[in-house]
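Protein chains in written order, with our numbering: chain C, 4 to 485; chain G, 4 to 485; chain Z, 4 to 485; chain E, 4 to 485.
Think of the CB as a built atom: it goes at the ideal place given N, C-alpha and C, for glycine as much as any other residue.
Being a predicted model, the structure only gives us computed values, none of them experimental.
There are 4 protein chains.
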Amino acid sequence: MRTFKEYQEKLNSMRKNVYINGELVERNDPRLLGGQNIMGITFDAAMSDDPELRELATATSHLTGHTINRFTHIYQTPDDLLKKQAMIRELGHLAGGCIQRCMGCDAINALYVSTYEVDQHYSTNYHERFKKYLAWYQDNDLVGNAGQTDVKGDRSKRPSEQVDPDLYMRIVERREDGIIVSGCKAHNTTAPYADEILVLPTRALKGADADWAVAFAVPADAEGVTLISRPVSPNPRIELKAPYNNYGICDTMTVLDHVFIPNERIFMCGEADFGGRLALSFANNHRFSYCGCKPAITDVFIGATALVAEYNGVPKAPHIQDELAELEATAELVYGAGIAASTTSKVTPSGAREPNFMYTNCGRFHAGKNIMHEYDILISTTGGMAATLPFEGDWLNPETRPYLEKYIMRNPKISAENQHRLFRFLDDFTVSAWCGMEQAAGIHGGGSPIMEKIGIRTNYDVEKRKNIVKRLAGIDDSKNEG
Amino acid sequence: MRTFKEYQEKLNSMRKNVYINGELVERNDPRLLGGQNIMGITFDAAMSDDPELRELATATSHLTGHTINRFTHIYQTPDDLLKKQAMIRELGHLAGGCIQRCMGCDAINALYVSTYEVDQHYSTNYHERFKKYLAWYQDNDLVGNAGQTDVKGDRSKRPSEQVDPDLYMRIVERREDGIIVSGCKAHNTTAPYADEILVLPTRALKGADADWAVAFAVPADAEGVTLISRPVSPNPRIELKAPYNNYGICDTMTVLDHVFIPNERIFMCGEADFGGRLALSFANNHRFSYCGCKPAITDVFIGATALVAEYNGVPKAPHIQDELAELEATAELVYGAGIAASTTSKVTPSGAREPNFMYTNCGRFHAGKNIMHEYDILISTTGGMAATLPFEGDWLNPETRPYLEKYIMRNPKISAENQHRLFRFLDDFTVSAWCGMEQAAGIHGGGSPIMEKIGIRTNYDVEKRKNIVKRLAGIDDSKNEG
Amino acid sequence: MRTFKEYQEKLNSMRKNVYINGELVERNDPRLLGGQNIMGITFDAAMSDDPELRELATATSHLTGHTINRFTHIYQTPDDLLKKQAMIRELGHLAGGCIQRCMGCDAINALYVSTYEVDQHYSTNYHERFKKYLAWYQDNDLVGNAGQTDVKGDRSKRPSEQVDPDLYMRIVERREDGIIVSGCKAHNTTAPYADEILVLPTRALKGADADWAVAFAVPADAEGVTLISRPVSPNPRIELKAPYNNYGICDTMTVLDHVFIPNERIFMCGEADFGGRLALSFANNHRFSYCGCKPAITDVFIGATALVAEYNGVPKAPHIQDELAELEATAELVYGAGIAASTTSKVTPSGAREPNFMYTNCGRFHAGKNIMHEYDILISTTGGMAATLPFEGDWLNPETRPYLEKYIMRNPKISAENQHRLFRFLDDFTVSAWCGMEQAAGIHGGGSPIMEKIGIRTNYDVEKRKNIVKRLAGIDDSKNEG
Amino acid sequence: MRTFKEYQEKLNSMRKNVYINGELVERNDPRLLGGQNIMGITFDAAMSDDPELRELATATSHLTGHTINRFTHIYQTPDDLLKKQAMIRELGHLAGGCIQRCMGCDAINALYVSTYEVDQHYSTNYHERFKKYLAWYQDNDLVGNAGQTDVKGDRSKRPSEQVDPDLYMRIVERREDGIIVSGCKAHNTTAPYADEILVLPTRALKGADADWAVAFAVPADAEGVTLISRPVSPNPRIELKAPYNNYGICDTMTVLDHVFIPNERIFMCGEADFGGRLALSFANNHRFSYCGCKPAITDVFIGATALVAEYNGVPKAPHIQDELAELEATAELVYGAGIAASTTSKVTPSGAREPNFMYTNCGRFHAGKNIMHEYDILISTTGGMAATLPFEGDWLNPETRPYLEKYIMRNPKISAENQHRLFRFLDDFTVSAWCGMEQAAGIHGGGSPIMEKIGIRTNYDVEKRKNIVKRLAGIDDSKNEG
């Protein structure tokens, strides 16, 4: 396993292919450090002095027997799934939100399972190839970015029907030693501070879409890879520094322009009928992750709502108590769905486990459906101050500071500085561009609610329920016309 | 184990102490058969030819090693909890709703656990006494009614503060060989077709309430017991008979007027500080039951919504598909909470298991919060016909039947009779007095949503969440005034 | 204007063509009196000693100058609309729900407006014909039932495409002196105690549907008319009589089997392209009525919720206060939409006024969307007692009455009898077959929420809003491809 | 009336008393121009070439007969209220949100009405004084900022009970020629670009709070006034300029530190029992304003949702059509409540009109309750692109622009630039710090939903509704004990 420092050293040695707001930047650009600091939590946890945390954050590789970071592990048992979920919630508390390293974990699990099944059907050799890659990935404790979502062009058309064939990532050329690919993966969180990009198809595919049925791994700084990035962080601080303000995230358009992928890094190549399986397997794993991280975020909503109610002097107000209970129920229903997905997980032909699709979808659906309401509760409880609090400069200016110290006072037991710190945090958490990104992620990350609804209803045994009713109602289908 | 017939023979031999609408009736009164028929499902399942169903419906007594009906079993393992939950959903499909025998099961589990803890604290001997009673109860495959909810009088006053001391069930007199009790338990489902009434306190109690801290078992026809009952069923049928219309339920005011309880049937007697523990333990077990039965009911909503959409010729209408997904998510979030409650259940000092309180409450809360919305979806999809369909007599009358056959036609592939059967079922399910009872039960049974909210918020570690936020925000409590 | 007695005498003289549950009955059958008693409210109000009520309930005919019942009036001014709305709310308080006479009022207003427009386009003479009919209708103070909703058969097919052409009401034969019609109008509230049935098309029609474009008036007991009826009432009472239990309603399948309609009663006959206009005009007027009656019903919810909270001793419980405010806001948003619909009503070519379609739809939509939630609030506040209260017979039986008197006691300031009366009322209002009908009506009456959504979105100027955004965003359509 | 230019010239001549992020700035600081540009809309509209717009935006002073900007007008008729509401919606379309000048208008209307009533009771002379001030205010076409919300300190204590008496604005000293006041008004939108600050009490007051019962007008740059400001705008643009990005808003802590107010500018001075009346009158007027501006904002949501659905190629997707209908219903229910508030407005003793409090509260409540759901709908329809779109710099950089042009393409009929413009707008509208402020304003502006709930329930005649139910249920209060 690597230290956080080793991870950052590696990043700093990579080819300069990251753009921010028109500038080509090194990976140690300050705007990219927020995301790296969150990754740091995952490295630190694996080497933590706290044995409980260390146990959560590490696992034993089923390939090598080595102790590895749990984010690089393949689920072997229900307990692996439960621990992953527990780890995400725990680390999410430290990050105050998304721990960002799940997507790599979810991608390797999906590839592990799917490559086996493709091989079974096509007598290909992807699974062995992937296991070799995976052992290297585990031993080097890598951070993988999952490049799944294509830009998709005209949503009413299939990949092969688009005006521009690159609107979905595709095989441009097949060679003896590998393939040339082009395309762009969007909404690509963590790409500028990942080691590897794991590319997967984004949807079910048909025969004509064979050139778009492609999965592979590529170093994030490979020739032909361009990362057009949009970092965002809580507002920077001068005097009122706080852990939350050290963090950040970065979304990216990951452009691959005629990039060569050598054979040993190709994990699907033209098997269109398995495109959907791989896409959905990743979605399932990723929605499972949300069953851990969303409760962590709701925990922050709960803590913030309770704390601001206390600071405002109304900790026992009945409508706030009532809304706290709603937040708590949301957190635990989502987390409970994750537990159910773990304990009812299924062994795949590859031997690895997949969480129960129905529960991962229900959990993610419930989280996505409620996220804006969670903001509503917190903003309502906060009052207007998070949105109208003067900037930190006025706290630093001796002309205005006395006024801010005097007029921020509410609960007389809380110091002016702590009052400011809380409302500054709430400003970051509910009024900032960072918050806007969090809201979009809360709705769309891992699939927006409509996607889970589709997942649920297309996998639900409605006929069984219709038969329950037919029996109760005394309906005999043989009496219908024939 | 008993057969359904043996169960009914026993009922018919009992003392006549059931009133319905002013009449004193035998237990074979037709209005009481609907509930008995539902009990019959539980007896039949335990002797089913289907080995899967039989396995669900039976267990091995940890006291005697005998094969017993699962409804008389004490949870020994997480699997016992999972099986109980699965059994309820399965039998609920057959009943089209509440299987009614849970409350006895939930009461014996609560008594088992609590008697042990009272004994530990007070060196009493309730647990051995209860185990003896339980072995007899299991071997005789009894149906227990839980008498928990007192009529409660003035809700702002404690039991000992009421104008009339009987407004909570209480010890009127203590004798050498037992106690005399008086009071009335309300909302008492199944009492007129139960063998035993298991009486438990309804709330937390304090020292002055010691006379109200009483738990015991009493035969349902014991001297001094009067059952003022309100049976309700789907509408009776003449030609269009259907399984659903054989079922029914019965709520009861169970009045105990100076009833003698012999020592061997007393399981709590004055230990006020354990009143809340026993009350909450029953509530927890009962809310866990709802995590199985409510999904069964939602399954009926799903089947009925899908079926009526098909009959109306709009099975693929997008808004209906969307609402089916909502129903499905509701069912599985509640069921998932039950799974989580089972797999994270805790061993009590007695050795028996209790489901995880947080998940049982979240599951029951979510069910109760959504029940009226489920009706909304089904009624909306049905259209007005369930509410305006002429009565069955017009179907039987040759003058009007041709009109009904002609004008009920929608989907031409479905016969007129099946159309009628479905809308008749929907009439029972959504427009009848029976439906009104189901709605009240859906909201209040096992505790109304406000009770679960209280359960959740008073047991949630909010301080932990506040500390997460304090750390993130850089708040240092030592900087507050001291 | 007629007295209630005169109205009933007329009913009793009508041809016996009403079926209930297989029986052919007279119009003074006890099961039909509940609806008549509600009609009585409208006759009594018009002759009330209370001048305010009388002013609300009467109007001056613009045809004859006579004083007429407002339910027979054609809207001439915004004030006519406001008064109609206020009248419905006021009389709805007396009825505890739907006043039932609106549909006739809404039908004559729709016919008045549409006949004029058909004439303008086709040089027909329907409007004069209708005015003559209307003057007679007003002078005789008639009760009109609106027969709009056809049974509709296969919902995916137009009238002319159905397997059975009668699944929409149609012209079977055209004669010199009139037409022969056949078909069945469903969900036909009030038909068995109406004087006249006013038949209107149910949907937009196209050329091939000309035989289904038919509107006319027919006496409710005309030859060939059969009313297969489903009356429903609150539960009957013996000792605890109450006004609410005198009321009832009756839905009907109104079958017309080769009925002759003379020319002077025909108001549309083949003008398919105006079918939608007439159908929608009725819908608009009827949704406007709901902006008056639904607030009346919500007023009952408010009163009942507040009263049961008081009886339960928790009148100030914060969550109940909060829910009362929600009910109040629902009532006033719907009523406010009706006011807006009135004051922004438009003069039609006929000179009569039509309420603003957007506001009537928004008002009705909001009412329908919230109705099940209103039940949820009231049932939650009530607790289980309305659903488990023993029947009245046990109150009458001296063996059980003392127990019921003793154990119903809550708020010690309220007598046992009043406690019983309130819970009996709540039983009728929330747990009975009557309640089931009210829920269906609350969702579907006047068009279910999905119908109003369609009404709203197909009449909304979305392009205008898109242009607002284009301007703000600096989008220049000329820069798109051309 | 003034031109926009004259307004800005006046601002530029004012004393430098505005702080932003620690800097003392002139009023032409670029960060303050966004708000001024919105004010510009109100000046331009009053002199528009479009006669309809001009009529909306101007009125005739009832004091002087002069043509004045409608934002300085006192409501004389229901039509004045309807026009104000229509004006706000219209100008809100141009601003893409809050037009910001209402608060001054709402404050003068509240002062006009309340000063009259104080005079009636105390024989003071505030009303004449205020009319004189008002005539000057109208003739000079001034922009007034309403300073209402005090910082409030410990919310569980009254003003006179606070540790620091300045936590509510108060009279520090009374002199012959005026008073000295101190305190701080928070959440003070527009203060740095207003001419005048109109100070009003924030809550009901009692006798001991007399020194806090104070209302007056003070120039925004008066000696002792310090404005600690927080401006916020959509993101600035370089090439992709757009009207929306010229706008902004500014919240302020308005600190008055021993400021002298001469008698002629004092409109309440110690009349504690009228504090609540004035505070609530302003709240009522301000909630009425929201019945105009919130529909304007919802119009933007509707336009943006429809446009992005079109750009994404799914304009007819059923779930989007369904959600558009929900947005439309929200807009019109709120606007309809405003119409109802206008047409049922009441004449006050002063002769001016006040909107109907019940409808203004219901309208504002409904808007506040739905705002986060409106964001949910738009963000859901948008997909992730608004949150992950690279910054404008990457559009300007020729290295990356081709990738952005290529991979933004969706609907092939829309140019890449227009695609970018729309998603840039959606970035500003849903993902920015500006959006965070808009959400807080959407919830709290004019009073958060809980405040309107309190307003509604404390002014609702619940007894009347209880009596309706008592009559229906046959409850006779004389049968209760007594």
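Give the secondary structure of Cys294(G) by DSSP, where H, G and I count as helix, E and B as strand, and everything else as coil. helix
Glu226(C) versus Leu399(C), Gln88(C) and Pro265(C), residue with shortest Cα-Cα distance: Pro265(C)
Under 8 Å, Cβ to Cβ, is there at least one residue of chain B near Asn315(G)? Looking at the structure shown, chain B is missing, and the protein chains on hand are C, G, Z and E.
Less than 8 Å between C-beta atoms, sequence neighbours within five positions excluded: which residues of the same chain meet that for Ala1(Z)? Here chain Z comprises residues numbered 4 to 485, so residue 1(Z) is not present and cannot be evaluated.
Does any residue of chain Z have a CB that is nearer than 8 Å to the CB of Asp325(C)? yes
8 Å is my cut-off, CB to CB: does Ile380(G) come that close to chain C? no
Three-pair Cβ contact test at 8 Å for the stretch 270-284 of chain E versus the stretch 197-212 of chain E: yes
Buried or exposed: Gln123(G), going by 16 or more other Cβ atoms within 10 Å of its Cβ? exposed
Just the C-alpha distance for Ile200(G) and Ile471(E), rounded to the nearest angstrom, thanks. 41 Å
Does DSSP put Leu27(E) in a helix, in a strand, or in coil? strand
Let's see if you can read the secondary structure: which residues bound the alpha helix (DSSP H) around Glu199(E)? Segment Glu199 to Val202 is the beta strand (DSSP E) holding Glu199(E); no alpha helix (DSSP H) there.
As assigned by DSSP and simplified to three states, the class of Leu259(Z): strand
Quick one: what's Cys253(G) bridged to in DSSP? Pro234(G)
Using a C-beta cutoff of 8 Å, does His322(E) count as contacting chain G? yes
Give every residue of the same chain whose Cβ lies closer than 7 Å to the Cβ of Val317(C), excluding the five residues on either side of it in the sequence, and list them in chain order. Ile323
Given a threshold of 16 other Cβ atoms within 10 Å of its Cβ, counted over all protein chains shown, does Ala223(E) qualify as buried or as exposed? buried
Go ahead and pull the three-state DSSP assignment for Phe432(E). helix
Check whether the stretch 240-259 of chain G and the stretch 391-407 of chain G touch, using three or more Cβ-Cβ pairs below 8 Å as the test. yes
Smallest Cα separation from Thr434(Z): which of Tyr115(Z), Ala389(Z) and Val262(Z)? A quick correction: the sequence has Val, not Thr, at residue 434(Z). Nearest of Tyr115(Z), Ala389(Z) and Val262(Z) to Val434(Z), Cα basis: Ala389(Z).
I need the straight-line Cα distance from Gly445(C) to Leu381(C), nearest angstrom please. 15 Å
Is it buried or exposed, Gly354(C), if we count other Cβ atoms within 10 angstroms and call 16 or more buried? exposed
Check whether the Cβ atoms of Ala218(E) and Thr255(E) sit closer than 8 Å, and answer yes or no. no
Look at the alpha carbon of Ile41(C) and the alpha carbon of Gly251(C), and state the distance between them as a whole number of angstroms. 7 Å
When the Cα atoms are used, what is the spatial distance from Pro246(Z) to Gly439(G)? 21 Å
On the premise that Lys482(G) lies in contact with Glu420(C), defined as a C-beta separation below 8 Å, what is that separation, rounded to the nearest angstrom? 6 Å
Tell me the residue span of the beta strand (DSSP E) that contains Cys101(G). Premise fails: Cys101(G) is in no beta strand (DSSP E) and is neither H nor E.
Counting only Cβ-Cβ distances shorter than 9 Å, please list the residues of the stretch 62-78 of chain G near chain C, keeping chain order. none
Does the distance from the C-beta atom of Met361(C) to that of Glu335(G) stay below 8 Å? yes
Please classify Lys8(E) as buried or exposed, where buried requires at least 16 neighbouring CB atoms within 10 angstroms. exposed
Cβ-based contacts, 9 Å cut-off: residues of the stretch 186-198 of chain E near chain C: Gly186, Cys187, Ala189, His190, Asn191 and Thr192
List the residues of chain G that Ala389(Z) touches, going by C-beta distances under 9 Å, in chain order. Gly439 and Ala443
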